[in-house]
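Below you'll find the structure, written out as structure tokens, and then a few comments.
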Amino acid sequence: MEIDENKYLSSKETMKALKVSSCDLMHLRVSGKLKFIKKGNAYFYEKS
Numbered sequence: 408m409e410i411d412e413n414k415y416l417s418s419k420e421t422m423k424a425l426k427v428s429s430c431d432l433m434h435l436r437v438s439g440k441l442k443f444i445k446k447g448n449a450y451f452y453e454k455s
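With our numbering as the guide, the letters of the sequence shown map in order to residues 408 to 455.
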């Protein structure tokens, strides 16, 4: 499965864009506030 870089951001890119820590990012993901996909051990977040 290839990740469309035009549609998704990596965790690091998402943390920088939202100005949040990795822990905050995890809480946003778990609470359902961010749409994401998981590939292996990596999470990718929708840009929209």
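Note that beta-carbon positions come from the ideal geometry of N, C-alpha and C, so glycine has one too.
Fair warning: this is a prediction, and the values are worked out from it, not measured in the lab.
On the DSSP bridge list, what partners appear for residue i?
i: Glu453; result: Tyr415
i: Lys445; result: Tyr450
Compute the Euclidean distance between the alpha carbons of residue i and residue j, then round it to the nearest angstrom.
i: Ala381; j: Ser429; result: Here the chain comprises residues numbered 408 to 455, so residue 381 is not present and cannot be evaluated.
i: Arg436; j: Met422; result: 12 Å
i: Phe451; j: Leu416; result: 5 Å
Tell me, to the nearest whole angstrom, how far the beta carbon of residue i is from that of residue j; I am working on the premise that it is less than 8 Å.
i: Lys414; j: Glu453; result: 7 Å
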